[in-house]
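Student: Just dropping this structure here.
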Amino acid sequence: MELNLAVRFAALWKRCTDTDSDRATVWEALYQRYTEDHRCYHTLEHVAHCLLEFDRAAGRIGENDAVELAIWFHDIIYEPDCKDNEAASADFFRTVARPVMDANLVELVCQLILATVHADEPLCGAPAYMVDIDLSSFGLPWDDFLRDSNNLRREGSAIPDAEFYRNKAGFLNALLQRRYIFNTEFFREAHERKARQNIERYLAMIHDWGFDIKSQA
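Residues in the sequence shown are numbered consecutively from 491, following our numbering.
As structure tokens, then:
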């Protein structure tokens with residue numbers, strides 16, 4: 491997987507910068523960040539999953555290079571107890587890309603990264619696809635969804651159970667309260683029904699464990 495990802499990233503970086511001079515340095519930074527010891531979910535496997543979903547929807551997106559760059563960099567900074575990971579990730583991308591990439595493309599990618607805070611407002615265009623891609627794993631089969639949820643808990647192992655599950659339930663309830671979890675018709679058709687089933691089943695499970703599932707994060 492790592493070799494294929496490295497080749498894919500190299501092609502994207504060269505396409506967007508018209509240079510290969512700094513590609514190895516940027517790839518090494520990506521690799522080191524996404525393989526940090528504390529990561530269990532926000533890893534290169536998550537990036538690979540997002541790229542697979544991107545490929546399925548690519549013919550509908552527009553701004554494809556920007557979305558693919560955002561996929562690569564949207565979790566490059568990740569600390570479980572921080573509230574500004576998306577902003578820090580956008581800043582990281584801006585720092586490495588600004589010297590070699592068109593300024594308008596850089597800022598679009600930063601906007602796409604920031605969209606993955608998953609605020610409640612509806613989105614359209616490239617930001618809508620970016621957010622849907624990031625949430626697409628909610629529509630995986632239950633065992634895969636549960637694996638991802640457990641990996642997120644492992645990443646946040648320093649957070650007390652009551653706090654972690656209260657915040658988790660708040661986020662999941664907010665998703666359920668939307669008319670649609672996904673912004674785009676493509677991802678609604680692909681994942682909406684299963685995502686809602688998974689979330690409802692997960693909330694019922696942690697409720698059975700004795701945690702409050704009504705509190706908002």
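The C-beta atom is built at its ideal place from N, Cα and C for all residues, glycine as well.
Remember, it's a predicted structure, so these values are computed and weren't measured experimentally.
On the criterion of 16 or more Cβ atoms from any shown chain inside 10 Å, does Pro650 qualify as buried, or is it exposed?
Tutor: exposed
Student: Does the beta-carbon distance from Arg643 to Phe661 come in below 8 angstroms?
Tutor: no
Student: Could you give the first and the last residue of the continuous alpha helix (DSSP H) run that contains Pro617?
Tutor: 615-625
Student: Can you tell me whether Ile703 is helix, strand or coil according to DSSP?
Tutor: coil
Student: Beta-carbon separation of Asn554 and Ile567 under 8 angstroms?
Tutor: no
Student: Within the chosen definition, does the region 615-630 reach the region 502-518 through at least 3 CB pairs nearer than 8 angstroms?
Tutor: no
Student: For Asp510, name the three-state secondary structure that DSSP assigns.
Tutor: Three-state result, Asp510: coil.
Student: Check Leu574 in the structure and name its three-state DSSP category.
Tutor: What sits at residue 574 in the sequence shown is Asp, not Leu. If DSSP states are grouped into helix, strand and coil, Asp574 belongs with coil.
Student: Does the distance from the C-beta atom of His564 to that of Ile603 stay below 8 angstroms?
Tutor: yes
Student: Just checking my contact of Ala659 with Leu693 at CB under 8 angstroms: how many whole Å lie between their CB atoms?
Tutor: Between Leu693 and Ala659 the Cβ distance is about 6 angstroms, and since that is below 8 angstroms, they are a contact.
Student: Considering only their Cβ atoms, is the gap separating Leu595 from Ala648 smaller than 8 angstroms?
Tutor: no
Student: Between the region 613-623 and the region 522-533, do at least 3 Cβ pairs fall closer than 8 angstroms?
Tutor: The answer is no - the region 522-533 does not touch the region 613-623, with fewer than three Cβ pairs under 8 angstroms.
Student: Where does Val516 fall in DSSP's three states?
Tutor: helix
Student: Look at the alpha carbon of Gln601 and the alpha carbon of Ser579, and state the distance between them as a whole number of angstroms.
Tutor: About 11 angstroms.
Student: Of the choices Asp581, Asp527, Gln687, whose alpha-carbon is the least far from that of Asn641?
Tutor: Asp527
Student: CB-CB under 8 angstroms to Glu690, same chain, minus the five flanking residues each way: which ones, in chain order?
Tutor: Leu666
Student: Apply the 10 Å Cβ neighbour rule to Thr585 and answer buried if 16 or more other Cβ atoms are within range, or exposed otherwise.
Tutor: exposed
Student: Measuring only the C-alpha atoms, how far is His608 from Asp512?
Tutor: 31 angstroms
Student: What is the C-beta distance between Ala685 and Ile671, in whole angstroms, given that I count them as a contact (C-beta under 8 angstroms)?
Tutor: 5 angstroms
Student: Ile689 lies in the alpha helix (DSSP H); which residues open and close that run?
Tutor: Taken as a continuous stretch (DSSP letters only), the alpha helix (DSSP H) holding Ile689 covers 683-698.
Student: I believe Val497 touches Ala560 by the beta-carbon criterion, under 8 angstroms. Please report the beta-carbon distance rounded to the nearest angstrom.
Tutor: That belief does not hold up - the Cβ atoms of Val497 and Ala560 are roughly 19 angstroms apart, past 8 angstroms.
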